[in-house]
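The structure appears below as structure tokens.
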Amino acid sequence: MIKRKFNRKGQEEIVGFVIIIALVSVIVLVLLSFMLTKKEVAAVESYEVESFIQSLLQYTTECETYTEFLSFQKLIAYCDKEGVCLDDENSCDKLNFIAKEIIENSWDVNDESAVRGYEFKIFNEEGEMFVLNEGNKTANYKGNYQDFVRSGEDYKVSLTIYE
Amino acid sequence: MVNRNHQRVLHKSCNPTGSRRFSKKGQMKIQQMAFMLIAVILLFALVIIFFLAISLQEVRRTATMFEEENAMLLVSKLANSPEFSCGNSFGSSRANCIDFDKIFALKENLNKYQNFWGVTKIYIRKIYPNDKVDCTEENYPNCGLIKLLDKNVNSTSFSSNFISLCRKERDNNLIYDKCEIAILMIASEDKG
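Keeping their order, the protein sequence lines are chains F and S.
For the first sequence, the positions run 11 to 173 when the working numbering is used.
For the second sequence, the positions run 121 to 312 when the working numbering is used.
The following block contains the structure:
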């Protein structure tokens, strides 16, 4: 009688063990299948950010001076010197408008794309000169910067894309 | 002696309670063993699947890295090749700068270059200003998309990178360098 009771108890424990293992297996398999088949959104690569800054600095703006149409790079220095374009528009307003337009056309910020937000900054020798941001800052981001010298002043342009 | 043993064996096998007890015990042992085997197999399967998943992710990460590197190299190679690059036409030499005028001339005489780059599609799309019109002789340069190469074969998804699209522009009597932002998109033949 006692022996049968012990056997039965042992059997129940083993059945319990098997059930727990089976349950854990099912849960882990479901988690793994989610992990392996999750929809991949085209991620942002850091070389893209680098190329973007390079191309942006070469962009020819509509800000005309007596000698030329300024590139974005030259417009930064012109804005720093509080210059005014030939059409009487403030160079910093033009810089703000162009930067916003170009970044919004290049990086689609929304919940369904890979880009959740961005932060664009321009630094001069005194510190932060211009900031533009949109969307949310997340822990996953790609960023890059480029520095240059114009009229003896050091400038740095940085862009961070949050995913 | 032989007879007595024979009788004992007969007695044991004919006793219904004894036989049931023995077979029940054996059945239970077999059941226990079966349950244990199932549990152990499940456990091993789980561990193997877990390691496979980790190694698969590692393989995927490496594949993505190679793909990214390859795309970047290919796009940069194309953007800086003599057929595309700005060279010194726009002042100093610029990285990732494509000569719009050169590209448009190339588009009109592309027959010799069909298999030159080893890709199936080469598109250049202006980002800003955002024109969506295909480039033709009539609307050049006020257009947004140049389909430089567009082979009708199964292709991979596009690899792309930002470039400067520069050309010479005339404003009254002033000829100046006009650079816009564009994306160079490349697709290769899908052999899979």
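Yeah, the Cβ is synthetic: ideal placement off N, Cα and C, and Gly gets one too.
Own chain, CB closer than 6 Å to residue i, minus 5 neighbours either side, in chain order
i, result
"Lys267 of chain S", "Tyr243"
"Val239 of chain S", "Ile306 and Ser308"
"Ile108 of chain F", "Thr71"
"Thr256 of chain S", "none"
"Asp291 of chain S", "none"
"Lys298 of chain S", "Arg287 and Glu289"
"Arg160 of chain F", "Ala87"
"Gln252 of chain S", "The amino acid at residue 252 of chain S is misidentified as Gln; the sequence shows Lys. Excluding sequence neighbours, Lys252 of chain S sits near Gly264."
"Phe210 of chain S", "Cys286 and Asp297"
Status (buried if at least 16 other CB within 10 Å, exposed otherwise) for residue i
i, result
"Arg287 of chain S", "buried"
"Ile303 of chain S", "buried"
"Phe155 of chain S", "buried"
"Glu300 of chain S", "buried"
"Leu67 of chain F", "buried"
"Gln64 of chain F", "buried"
"Gln127 of chain S", "Any reading at Gln127 of chain S needs caution, since the residue's pLDDT is 48, under 50, leaving its predicted position unreliable; the model's value is listed next. Classification for Gln127 of chain S: exposed."
"Leu172 of chain S", "exposed"
"Asp90 of chain F", "buried"
"Glu60 of chain F", "buried"
"Ile150 of chain S", "exposed"
"Gly264 of chain S", "buried"
"Trp30 of chain F", "Position check: residue 30 of chain F holds Ile in this sequence, whereas Trp was assumed. Exposed, by the Cβ-count rule."
"Ala199 of chain S", "buried"
"Val167 of chain S", "exposed"
"Asn216 of chain S", "buried"
"Arg180 of chain S", "exposed"
"Ser280 of chain S", "buried"
"Leu176 of chain S", "exposed"
"Leu41 of chain F", "exposed"
"Gln147 of chain S", "exposed"
"Ile174 of chain S", "exposed"
Supposed close pair residue i, residue j - CB separation, criterion 8 Å
i, j, result
"Glu173 of chain F", "Tyr151 of chain F", "6 Å"
"Ile247 of chain S", "Asn115 of chain F", "5 Å"
"Ala159 of chain S", "Val28 of chain F", "5 Å"
"Glu209 of chain F", "Phe282 of chain S", "Here chain F has residues from 11 to 173 only, and residue 209 of chain F is not among them."
"Phe220 of chain S", "Leu285 of chain S", "5 Å"
"Gly127 of chain F", "Lys147 of chain F", "6 Å"
"Asn143 of chain F", "Glu129 of chain F", "4 Å"
"Lys271 of chain S", "Lys241 of chain S", "7 Å"
"Gly93 of chain F", "Ser81 of chain F", "About 14 Å; that fails the 8 Å criterion."
"Gly153 of chain F", "Leu169 of chain F", "6 Å"
One or two residues paired with residue i in a DSSP bridge
i, result
"Gln156 of chain F", "F:Val167"
"Ile244 of chain S", "S:Ile266 and S:Leu304"
"Asp297 of chain S", "S:Lys288"
"Val125 of chain F", "F:Val119"
"Ser161 of chain F", "Bridge partners of Ser161 of chain F: none, in fact."
"Asn137 of chain F", "According to the sequence displayed, residue 137 of chain F carries Gly and not Asn. DSSP lists F:Asn134 as partners of Gly137 of chain F."
"Asn100 of chain F", "F:Val94"
"Asp219 of chain S", "S:Cys286"
"Gly145 of chain F", "F:Gly127"
"Thr70 of chain F", "F:Ser81"
"Ser209 of chain S", "Partner(s): none; Ser209 of chain S has no beta bridge."
"Ser279 of chain S", "S:Ile306"
"Tyr57 of chain F", "Partner(s): none; Tyr57 of chain F has no beta bridge."
"Asp254 of chain S", "S:Leu265"
"Tyr172 of chain F", "F:Gly127 and F:Tyr151"
Residue-level contact to chain B via CB, residue i, 8 Å cutoff
i, result
"Met185 of chain S", "Given the protein chain composition of this structure (F and S), no chain B is represented."
Cβ shell of residue i (< 7 Å), same chain only, five flanking positions each side left out
i, result
"Asn120 of chain F", "none"
"Leu162 of chain S", "none"
"Gln156 of chain F", "Ile63, Gln64, Leu67 and Val167"
Cβ shell of residue i (< 8 Å), same chain only, five flanking positions each side left out
i, result
"Thr75 of chain F", "Tyr88, Gly93, Cys95 and Leu96"
"Leu230 of chain S", "Leu268 and Leu269"
Any residues in the segment 283-305 of chain S with a beta carbon nearer than 9 Å to a beta carbon of chain F? Which ones, in chain order? Ile283, Ser284, Leu285, Cys286, Glu289, Asp291, Leu294, Tyr296, Asp297, Lys298, Cys299, Glu300, Ile301, Ala302 and Ile303
In chain order, what residues of the segment 212-232 of chain S put their CB closer than 9 Å to some CB of chain F? Arg214, Ala215, Asn216 and Cys217
Residues of the segment 156-176 of chain S whose Cβ lies closer than 8 Å to any Cβ of chain F, in chain order: Met156, Ile158, Ala159, Leu162, Leu163, Ala165, Leu166, Ile169, Phe170, Ala173 and Leu176
Could you name the residues of the segment 244-261 of chain S whose beta carbon sits closer than 7 Å to any beta carbon of chain F, in the order they occur along the chain? Ile247, Tyr248 and Asn250
Give the residues from the segment 262-283 of chain S that approach chain F closer than 9 Å (Cβ to any Cβ), ordered along the chain. Ser277, Ser280, Asn281, Phe282 and Ile283
Quick one, which residues of the segment 66-78 of chain F are near chain S if we go by CB-CB under 7 Å, in chain order? Leu66, Gln68, Tyr69, Thr70 and Glu78
Tell me which residues of the segment 105-126 of chain F have at least one Cβ-Cβ distance to chain S shorter than 7 Å, keeping chain order. Glu111, Ile112, Asn115 and Ser116
With 8 Å as the limit, tell me which residues of the segment 24-44 of chain F have their beta carbon closer than that to any beta carbon of chain S; keep them in chain order. Ile24, Val25, Phe27, Val28, Ile31, Ala32, Val34, Ser35, Val38, Leu39 and Leu42
What residues from the segment 127-161 of chain F come within 8 Å of chain S, judged by C-beta to C-beta, listed N to C? none
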